[in-house]
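Visitor:
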Amino acid sequence: MNVKQPATADAIAAQKPLVESTLIEPAKTHQVAQFKHSVPLTTCRVDPTGRYVVAGAQDLDIQVWNLQTSAQRTLKGHTSWVRSFDFSKDGNTLYSACWGGDIKVWNMADASPEPTMTIAAHKGSARWVRLSPDQTKLATCGNDLLVKVWNIADGKLLQTFAGHERHVYAVDFHPDGQQLVSQDLMGFIKIWDLQTGKQKRGIHASLMTGYDKKFAADMGGARDLQFSPDGSELASAGITNVVNSFGGIQDPIIMLFDWNTGKETAQLKPDKAFQGIAWGVRYHPDGFLIGAGAERTGKGELWFHKPGEKEFFHTLKLPRAARGLDLLADGRHLVVPHSDGSVCTYRMTAKAKVFGT
Amino acid sequence: MRRNQGCHQSDHRVARRQFLAGAAGGVVGLSLPGSLAAAEKIKGQHKRVLQVYLQGGVSQLESWDPKPGTEFGGPFRAIPTSVPGMHISELLPYTAQYMHLLSIVRSINLKINDHQQGRLFMEKGRRAGEFPYVGSIASKYLAPPNSELPGYIHISTRGLNDSTAAFLGAQHSQLKFEGVKPPKNLAVPQGLDQTADARRIQLRQQFNQQFRRGRSKSLTESFDASFEQAAKLMGRKSFFEKAPDGKDLERYGKHDFGRNCLLARALLENDATCVKVTHHGYDSHAENFNFHLEQLGEFDKTFAMLLSDLHERGLLESTLVMVYSEFGRTPKINVRYGRDHWGTAWSIALGGCGIQPGAIIGKTNDKGTAVAEREVDAGHLFHTYLQALGIDSTNDHDIAGRSIPIGDPTAQPIKELLA
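Protein sequence lines correspond, in order, to chains A and B. Under our numbering, the first residue of the first sequence carries the number 1, and numbering increases by one thereafter. Under our numbering, the first residue of the second sequence carries the number 1001, and numbering increases by one thereafter.
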């Protein structure tokens, strides 16, 4: 066992009386639970304390499943699809961002949560929301080309960062809490200094965008951003090699960047036959990286990568498109929102054995 | 109806005649002086057409017929417009302010899900057969006899396979400009004086006459028409070379579509009869929502500025404005966040000359999956366009003694849409 397990119950209570393996072995990742909504899902996030998973869908609601009991709740209040979430560390407060430009705040301790605050954050979509490491600020970005920082106590705007020339797809705080990173449609990554309120430097991930000459349009941008736990590396998931973006013909890619130098350290791509989009990326506490993607025909894959290697060391094929990814705090489970309306939990250990066998 | 999920290479091929016309005529660029005096001059003279073609099939749900909060409604909301009770997608905030100048037809069922067939039906008003496009008909029946510009000009940045004039003759064919690039070979070559140029033309005509003997006239007709069109443009060369006004570019946008629409405005102000501007990039089988954000984000303000300018300059009442595609997009969202081809229940917007403004014709059901009221197809629309322009679409073309119905005799205009 290489990760300390919290006392939270496992995602699937129904496994008893099976004997669970606790050794993390990515190559043995398998599905252990499925929670179903009637509408295709768009994103998901796991409560840091492991009690529930929330998901956005191709409707106006937020679905919440209790990971222990499978009980489902629905949060209503958004007027457009929800595309990004974040939680407070204690899991009691949920922040959601929607295509309509609003950020909503939910008290998850309530039996029937309603928005406790709504921030009209962006003109056009609010594409991303992230909570600062010190739990006092929110970072958001949107189609108004802006990155904004908000005081979570009262929802007041603290800082606005302008400089992106195309839609801003994702934003996150560096673990040091002093810097923000954002990436736009054209692959431009900007690093903002929260102290000075100015852009500190930039990285152009030009591979992560493409101009479709036939249809005269650009496609690209980060579909997920994640820092390594120590902040030394940035991972960005998206697309590359745009051939016919209107038909979904391009390749998924996860790019890694050395945070100090800004230099690219890896271009991670799945098998060439898998054309589509990388929708999720997470660093596992043990040091390996996990990616998730959707193939253009509707299938999905999970990818596993060891530091320093050029290729994924394991790929798990999925029967349905993966539209995101999150990791439970126990380090053993992944949660993936799918295009068929299901959230599936995958366990990164050997399958459980029946007691006595 | 089976959904068509792909496009064929032939949809994007350049027609030979079109290429010849474009190459011979060159490409007109930049701004024409848009004085009110010019507008006044045109006002009493003839009716015109502005076609804004959203190539690939704009989504009706992301434009003229939003269904927010429904199963297939997508992520975008509806916004009110300048017409009380009329809502359109939030992706068109500028256009929404000018909807009192436009009307929407929300009940089109082409029963076609193919790019080329849909485009031909929308342009010809017939499902099959060699018939002229709306623009070629406008060129024939509306263009002043001594017009200094070709009757049917198409401003685009990419080739589409269009043979537009049918039996009306090559002089009514679409002349295509590749955006606003300066014309190629528009000037008389260096070292060639006027006399030598005239002799060159005479020589070409002599060769043509020899070639024509014993052959069909149509074999040389298209080449003659290309040279005539080129000659007209050469006569206006200095006029075309003026750079666009900075304020106009600011309003319309510095992108290709903005510049193309500025050229369209200038052409309409200066005797052009039908100007078609194509805005590419709506065939969104994947990432429909991100692409419509991008494409309509470019279309919206530019089109609203063009519509506003035509209105303010007194040109709108004599200019039929069409915003259309070859079909709409499926209500059902596919696994790639795309919408596929859908001719079954979709919308266009019309305005200006002969069109009652601020109307909504027909409706789709709650999910947008079928026409619920006042179903029409491109045959009905074709009659409507022409009758709005004062052309009796129930009449016949008289082509060398042959009578050919102008509009499909089995279809009728949408009378309640006519002013």
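Note that the Cβ used here is the ideal one computed from N, Cα and C, for glycine as well.
Where does B/Glu1130 sit, in a helix, a strand or coil, going by DSSP?
Guide: In the second sequence, residue 1130 of chain B corresponds to position 130, counting from 1. Three-state DSSP puts B/Glu1130 in coil, outside helix and strand.
Visitor: Which whole-angstrom value is the C-beta distance of A/Trp279 and A/Arg223, which I expect to be below 8 Å?
Guide: In the first sequence, counting from the first residue as 1, residue 279 of chain A sits at position 279. In the first sequence, counting from the first residue as 1, residue 223 of chain A sits at position 223. Their Cβ separation, rounded to whole angstroms, is 5 Å, which keeps A/Trp279 and A/Arg223 in contact under 8 Å.
Visitor: Check the Cβ-Cβ distances between B/Arg1402 and every residue of chain A, and say whether any is below 8 Å.
Guide: In the second sequence, residue 1402 of chain B corresponds to position 402, counting from 1. B/Arg1402 does not count as touching chain A.
Visitor: For the segment 167 to 244 of chain A, list the beta strand (DSSP E) runs that are entirely contained and at least 3 residues long, ordered along the chain.
Guide: 168 to 173, 179 to 184, 188 to 193, 198 to 204, 209 to 212, 217 to 220, 224 to 227, 233 to 244
Visitor: If the criterion is Cβ atoms closer than 8 Å, does the pair B/Pro1093 and B/Ala1078 meet it?
Guide: Residue numbering aside, residue 1093 of chain B sits at position 93 when the second sequence is read from its first letter. Residue numbering aside, residue 1078 of chain B sits at position 78 when the second sequence is read from its first letter. Against a cut-off of 8 Å, the Cβ pair of B/Ala1078 and B/Pro1093 comes out as no contact.
Visitor: Name, in chain order, the residues that DSSP records as bridge partners for B/Glu1178.
Guide: Locating residue 1178 of chain B in the second sequence gives position 178, counting from the first residue. Beta-bridge pairing links B/Glu1178 to B/Ser1156.
Visitor: Note down the Cα distance separating B/Leu1036 from B/Leu1307, rounded to an integer number of angstroms.
Guide: Counted from its first residue, the second sequence places residue 1036 of chain B at position 36. Counted from its first residue, the second sequence places residue 1307 of chain B at position 307. For B/Leu1036, the predicted model reports a pLDDT of 49, less than 50, meaning its position is unreliable; a value from the coordinates is still stated below. Cα to Cα, B/Leu1036 sits roughly 15 Å from B/Leu1307.
Visitor: Going by DSSP in three states, B/Glu1375 sits in which element: helix, strand or coil?
Guide: Numbered from 1 along the second sequence, position 375 holds the residue referred to as residue 1375 of chain B. Looking at B/Glu1375 - three-state DSSP - the assignment turns out to be coil, as it is neither helix nor strand.
Visitor: Measure the C-alpha to C-alpha separation of B/Ser1347 and B/Arg1329 and round it to an integer number of angstroms.
Guide: Numbered from its first residue, the second sequence carries residue 1347 of chain B at position 347. Numbered from its first residue, the second sequence carries residue 1329 of chain B at position 329. So the two alpha carbons sit approximately 10 Å from each other.
Visitor: CB A/Thr43 to CB A/Val82, shorter than 8 Å?
Guide: Translated into positions along the first sequence, residue 43 of chain A becomes position 43. Translated into positions along the first sequence, residue 82 of chain A becomes position 82. For A/Thr43 and A/Val82, yes; Cβs fall inside 8 Å.
Visitor: May I ask you to list, following chain order, the residues of the segment 1276 to 1289 of chain B that have a beta carbon less than 7 Å from some beta carbon of chain A?
Guide: His1280, Gly1281, Asp1283, Ser1284, His1285, Ala1286, Glu1287
Visitor: Quick one, are the C-beta atoms of B/Phe1382 and B/Asp1398 less than 8 Å apart?
Guide: In the second sequence, residue 1382 of chain B corresponds to position 382, counting from 1. In the second sequence, residue 1398 of chain B corresponds to position 398, counting from 1. Not closer than 8 Å, so no.
Visitor: For chain B, find out if any of its Cβ atoms is closer than 8 Å to the Cβ of A/Trp279; answer yes or no.
Guide: As a working note, residue 279 of chain A is residue 279 in the first sequence. Answer no: the Cβ-Cβ gap between A/Trp279 and chain B never drops below 8 Å.
Visitor: Assign B/Phe1121 to one of three DSSP states: helix, strand, or coil.
Guide: Taking the first residue of the second sequence as position 1, residue 1121 of chain B is located at position 121. B/Phe1121 falls in the helix class under three-state DSSP.
Visitor: Quick check: the Cα distance between B/Ala1165 and A/Gly56, rounded to an integer number of angstroms?
Guide: Residue mapping note: residue 1165 of chain B aligns to position 165 of the second sequence, counting from 1. Residue mapping note: residue 56 of chain A aligns to position 56 of the first sequence, counting from 1. For B/Ala1165 and A/Gly56, the distance between alpha carbons rounds to 51 Å.
Visitor: What do you get for B/Pro1033, buried or exposed, if any count of 16 or more other CB atoms within 10 angstroms of its CB means buried?
Guide: Sequence index remark: in the second sequence, residue 1033 of chain B carries index 33 (1-based). Any reading at B/Pro1033 must be qualified, since the residue scores a pLDDT of 41, below 50, and its modelled position is unreliable; the value itself is stated next. B/Pro1033 should be labelled exposed.
Visitor: Does the CB of A/Gln34 have a neighbour CB from chain B at under 8 Å?
Guide: By 1-based counting over the first sequence, the position of residue 34 of chain A is 34. Output row for A/Gln34: interface = no.
Visitor: Establish whether the CB of B/Gln1295 and some CB of chain A are separated by less than 8 Å.
Guide: Taking the first residue of the second sequence as position 1, residue 1295 of chain B is located at position 295. So yes, B/Gln1295 belongs to the interface.
Visitor: Just to confirm the assignment: which complete alpha helix (DSSP H) runs, minimum length 4, are found wholly within the segment 1086 to 1116 of chain B?
Guide: List check, alpha helix (DSSP H) in window: 1093 to 1096.
Visitor: Between A/Gln34 and the rest of its own chain, which residues show a CB-CB distance below 6 Å, the 5 nearest in sequence each way excluded?
Guide: Residue mapping note: residue 34 of chain A aligns to position 34 of the first sequence, counting from 1. Around A/Gln34: Ser342, Cys344.
Visitor: Would B/Leu1149 and B/Asn1270 be called neighbours here (beta carbons separated by less than 8 Å)?
Guide: Indexing the second sequence from 1 puts residue 1149 of chain B at position 149. Indexing the second sequence from 1 puts residue 1270 of chain B at position 270. Taking 8 Å as the Cβ cut-off, B/Leu1149 and B/Asn1270 qualify as a contacting pair.
Visitor: Does the Cβ-Cβ distance between B/Phe1327 and B/Asn1113 come in under 8 Å?
Guide: Against the second sequence, residue 1327 of chain B aligns to sequence position 327. Against the second sequence, residue 1113 of chain B aligns to sequence position 113. Yes, the pair counts as a contact, with Cβ atoms nearer than the cut-off.
Visitor: Say whether chain A places a C-beta atom closer than 8 Å to the C-beta of B/Leu1020.
Guide: If you number the second sequence from 1, residue 1020 of chain B lands on position 20. Note that B/Leu1020 scores a pLDDT of 32, beneath 50, so its modelled location is shaky; the value from the coordinates is reported in the next line. Not an interface residue.
Visitor: Got a sec: is the Cβ-Cβ distance from A/Thr79 to anything in chain B below 8 Å?
Guide: If you number the first sequence from 1, residue 79 of chain A lands on position 79. Chain B contact via Cβ: present.
Visitor: Residues of chain A with a CB under 9 Å from the CB of B/Phe1291: which are they?
Guide: Counting from 1 along the second sequence, the entry for residue 1291 of chain B is found at position 291. In chain order: Phe215, Ala217, Met219, Ser245, Phe246.
Visitor: With B/Phe1291 as the anchor, note down where its alpha helix (DSSP H) starts and where it stops.
Guide: One-based indexing of the second sequence puts residue 1291 of chain B at position 291. 1288 to 1312 is the extent of the alpha helix (DSSP H) around B/Phe1291.
Visitor: Leaving out five residues on either side along the sequence, give the residues of the same chain with a beta carbon under 8 Å from the beta carbon of B/Leu1310.
Guide: Numbered from its first residue, the second sequence carries residue 1310 of chain B at position 310. Leu1050, Arg1265, Leu1268, Leu1316, Thr1319, Val1321, Gly1352, listed in sequence order.
Visitor: Rounded to the nearest angstrom, how far is the Cβ of A/Val53 from that of A/Val46, given a contact under 8 Å?
Guide: Residue numbering aside, residue 53 of chain A sits at position 53 when the first sequence is read from its first letter. Residue numbering aside, residue 46 of chain A sits at position 46 when the first sequence is read from its first letter. Indeed they touch by this definition, with Cβ atoms about 5 Å apart.
Visitor: Taking 8 Å as the CB-CB cut-off, is B/Ile1333 touching chain A?
Guide: The sequence position of residue 1333 of chain B within the second sequence is 333, counting from 1. By this cut-off, B/Ile1333 is an interface position.
Visitor: Starting from A/Gly142, trace the beta strand (DSSP E) both ways and give me its first and last residue.
Guide: Looking up residue 142 of chain A in the first sequence gives position 142. For A/Gly142, the enclosing beta strand (DSSP E) starts and ends at 137 to 142.
Visitor: Would B/Arg1158 pass as an interface residue toward chain A - the criterion being a Cβ-Cβ separation below 8 Å?
Guide: The count along the second sequence starts at 1 and reaches residue 1158 of chain B at position 158. Taking Cβ atoms only, chain A reaches closer than 8 Å to B/Arg1158, which makes this a yes.
Visitor: When you compare only the Cα positions, how much space is there between A/Lys36 and B/Glu1416?
Guide: Within the first sequence, residue 36 of chain A is the residue found at index 36, counting from 1. Within the second sequence, residue 1416 of chain B is the residue found at index 416, counting from 1. Computed Cα separation, rounded: 48 Å.
Visitor: Using a Cβ-Cβ cut-off of less than 7 Å, list which residues of the segment 1067 to 1089 of chain B approach chain A; keep chain order.
Guide: Gly1069, Pro1075, Phe1076, Arg1077
Visitor: Starting from A/Lys148 and walking both ways along the alpha helix (DSSP H), at which residues does that stretch end?
Guide: Residue numbering aside, residue 148 of chain A sits at position 148 when the first sequence is read from its first letter. That residue, A/Lys148, is in no alpha helix (DSSP H); its beta strand (DSSP E) goes 146 to 151.
Visitor: State yes or no: is the C-beta of B/His1172 within less than 8 Å of the C-beta of B/Pro1132?
Guide: Working through the second sequence from its first residue, we reach residue 1172 of chain B at position 172. Working through the second sequence from its first residue, we reach residue 1132 of chain B at position 132. Yes, the pair counts as a contact, with Cβ atoms nearer than the cut-off.
Visitor: Beta strand (DSSP E) containing B/Asp1283: first to last residue?
Guide: Position 283 of the second sequence holds residue 1283 of chain B. First-last for B/Asp1283: undefined, no H or E at that position.
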